[in-house]
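Structure, as structure tokens:
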Amino acid sequence: MREQMMEQFTKLFHTSHDIRSFFAPGRVNLIGEHTDYNGGHVFPCALTFGTYALAALRNDQTIQMYSMNFPEVGVISISLDKPLSYEKEHDWTNYPKGVLKEFIDKGVEISQGFDVLFYGNIPNGAGLSSSASIELATAVILQALYETSFSRVDLVKMSQHAENEFIGVSCGIMDQFAIGMGKENHAILLDCQSLNYQYSPIVLKDASLVIANTNKRRTLADSKYNERRSECERALRDLQKELQIQSLGELTPEQFESHRHLIQNKIDQKRAKHAVYENARTLEAVEKLKEGDLASFGQLMCDSHTSLRDDYEVTGFELDTLVEAAMKQEGVLGSRMTGAGFGGCTVSIVKNDNLEAFIEEVGKSYHEKTGLKAEFYVANVGDGAKELS
Ligand code: GLA
67 MREQMMEQFT
77 KLFHTSHDIR
87 SFFAPGRVNL
97 IGEHTDYNGG
107 HVFPCALTFG
117 TYALAALRND
127 QTIQMYSMNF
137 PEVGVISISL
147 DKPLSYEKEH
157 DWTNYPKGVL
167 KEFIDKGVEI
177 SQGFDVLFYG
187 NIPNGAGLSS
197 SASIELATAV
207 ILQALYETSF
217 SRVDLVKMSQ
227 HAENEFIGVS
237 CGIMDQFAIG
247 MGKENHAILL
257 DCQSLNYQYS
267 PIVLKDASLV
277 IANTNKRRTL
287 ADSKYNERRS
297 ECERALRDLQ
307 KELQIQSLGE
317 LTPEQFESHR
327 HLIQNKIDQK
337 RAKHAVYENA
347 RTLEAVEKLK
357 EGDLASFGQL
367 MCDSHTSLRD
377 DYEVTGFELD
387 TLVEAAMKQE
397 GVLGSRMTGA
407 GFGGCTVSIV
417 KNDNLEAFIE
427 EVGKSYHEKT
437 GLKAEFYVAN
447 VGDGAKELS
């Protein structure tokens, strides 16, 4: 692919500057869903598919951007003399623009423009964070081209801030963190309140991670996501009448049970219950993985899905059907939805001997029940965003 990208780049941009190449992965979350903005723990990892980019400085004040995934959008050109703002007709380039604005707002002097070409192989709209991937790709490009010295965690925070403020999606920090900080064959246990983290090797012995895409359009995902955030915030405010806590992530399930009556609204109670129990499950799951107890890890994945289905209510027919079909198969240790929900993907741990039958049977059963065709990827866990040599 690099050759095709290079060919396209030179055709579009005729540069005489050094062309440098970069990569930022997609991510999959193993457990700890809808806990990040509740100050809890998450356990995601970076994938080996992601966003590739070629970039070169220019001598003038222009920035030119092109994506091989959206040829119909063509080259988008912007000028550095004008303030950067979100523009609908700028389509996908609003993501790199948002990150660029973060650099400028932090006082980085950008006096020369650049040309950039992207190509991504993350399935689009599948909830594997193609947007955070392009944000972090941009962040590492800008760091390299303008020789800035932001820490990796700064780049992660700037990317999340761009998504929150420039794009207007109020996501937590999980996706950008996993993509910025990912490490080959490791998942990251991240405390989203303190941003303390530790890497945990993913040793699955004779099994693999399988991602299954529902291929369901994620309608209403953003509005439902914001609704869940407000429900949790309301529950927290009710609890704070008696408890000195900053976030739901500080509560153990026992503390929650003895104070849940403080939460006025029954629905808010269920949402908070998920956030608290999911956080505890995540910490337990990481311990089980360390001990090599994959059966218990898998069971906790299933419990996570049940809680997301019944208490958090972010799964839906397609995700539930995929998980149910998966759990009927031989050699499946665990399965759950991953990401925001309302469509998108599931992640399962499947014994290698059963992989082929899994893909065939789950795909068939899913198609019969939903009329949709699922796609399956055996996932490899890769590194975070970086310049390629
Ligand atoms: C989306 C958001 C993340 C996180 C997950 C749910 O992926 O971008 O910040 O909240 O949903 O766990």
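Positions 67 to 455 (the working numbering) are the ones given, in order, by the sequence shown.
For each residue, glycine too, the CB sits at the ideal point set by N, CA and C.
Burial state of residue i, where buried means 16 or more other Cβ atoms lie within 10 Å
i, result
"Arg284", "buried"
"Arg303", "exposed"
"Asn418", "exposed"
"Ser266", "buried"
"Pro319", "exposed"
"Lys456", "Residue 456 falls outside the range modelled here, since the chain spans only 67 to 455, and no answer is possible."
"Asp181", "buried"
"Glu308", "exposed"
"Lys356", "exposed"
"Tyr118", "buried"
"Leu202", "buried"
"Asn95", "buried"
"Leu208", "buried"
"Glu138", "exposed"
"Gln226", "buried"
"Lys167", "buried"
"Ser195", "buried"
"Ser289", "exposed"
"Gly437", "exposed"
"Phe383", "exposed"
"Asp334", "buried"
"Lys332", "exposed"
"Pro149", "exposed"
"His80", "exposed"
"Glu426", "exposed"
"Leu454", "exposed"
"Asn262", "exposed"
"Arg375", "buried"
"Tyr152", "exposed"
"Val222", "buried"
"Glu73", "exposed"
Distance cut-off 6 Å: residue i Cβ against heavy atoms of the ligand GLA
i, result
"Glu99", "yes"
"Met240", "yes"
"Leu111", "The question names Leu, but residue 111 in the sequence shown is Cys. Result no, Cβ not under 6 Å from the ligand GLA."
"Asp102", "yes"
"Cys237", "yes"
"Gly405", "yes"
Cβ-Cβ separation, residue j to residue i (assumed contact under 8 Å), whole Å
i, j, result
"His156", "Glu344", "The pair is not a contact, with the Cβ atoms about 37 Å apart (cut-off 8 Å)."
"Met367", "Arg402", "4 Å"
"Gly116", "Glu250", "No, Gly116 and Glu250 are not in contact; Cβ-Cβ is about 13 Å, not under 8 Å."
"Val352", "Leu317", "About 18 Å separates the two Cβ atoms, so there is no contact after all."
"Ser274", "Val413", "Between Val413 and Ser274 the Cβ distance is about 11 Å, and since that is not below 8 Å, they are no contact."
"Leu385", "Gly407", "7 Å"
"Val165", "Thr204", "4 Å"
"Gln395", "Val444", "With a Cβ gap of about 15 Å, Gln395 and Val444 do not count as contacting."
"Leu211", "Phe75", "With 8 Å as the limit, Leu211 and Phe75 do not qualify as a contact, their Cβ atoms being about 15 Å apart."
"Asp247", "Ile254", "Note on residue identity: the sequence assigns Met, not Asp, to residue 247. That belief holds up - the Cβ atoms of Met247 and Ile254 are roughly 6 Å apart, short of 8 Å."
"Arg294", "Arg347", "Going by Cβ atoms, the distance from Arg294 to Arg347 rounds to 18 Å, so no, they are not a contact pair."
"Asn279", "Ile233", "Incorrect: roughly 23 Å between the Cβ atoms, too far for contact."
"Gln259", "Ser313", "6 Å"
"Ser199", "Gly92", "5 Å"
Chain E within 7 Å of residue i, Cβ atoms only
i, result
"Glu231", "Absent here is chain E; the protein component of the structure consists of one chain."
Strand pairing of residue i, partner residues [DSSP]
i, result
"Arg402", "Val413"
"Gln264", "Leu255"
"Phe442", "Ala278"
"Lys271", "Per DSSP, none; premise fails for Lys271."
"Asn95", "Pro110"
"Ser87", "Leu120, Leu454"
"Val447", "Leu113"
"Lys249", "His252"
Residue i: CB within 6 Å of a non-hydrogen atom of the ligand NAP
i, result
"Asn418", "Among the ligands present in this structure, namely the ligand GLA, the ligand NAP is not found."
Whole alpha helix (DSSP H) elements within the segment 344-386, 4-residue minimum | Listed in chain order, the complete alpha helix (DSSP H) runs (minimum 4 residues) inside the segment 344-386 are 360-376.
Which whole runs of the alpha helix (DSSP H) in the segment 114-188 are 4 residues long or more, in chain order?
-> Those alpha helix (DSSP H) runs which fall completely within the segment 114-188 and span 4+ residues are 160-171.
Run through the segment 205-240 for me and flag every whole alpha helix (DSSP H) of 4 or more residues, listed as ranges in chain order.
-> Entirely contained in the segment 205-240, the alpha helix (DSSP H) runs reaching 4 residues are, in chain order, 218-227.
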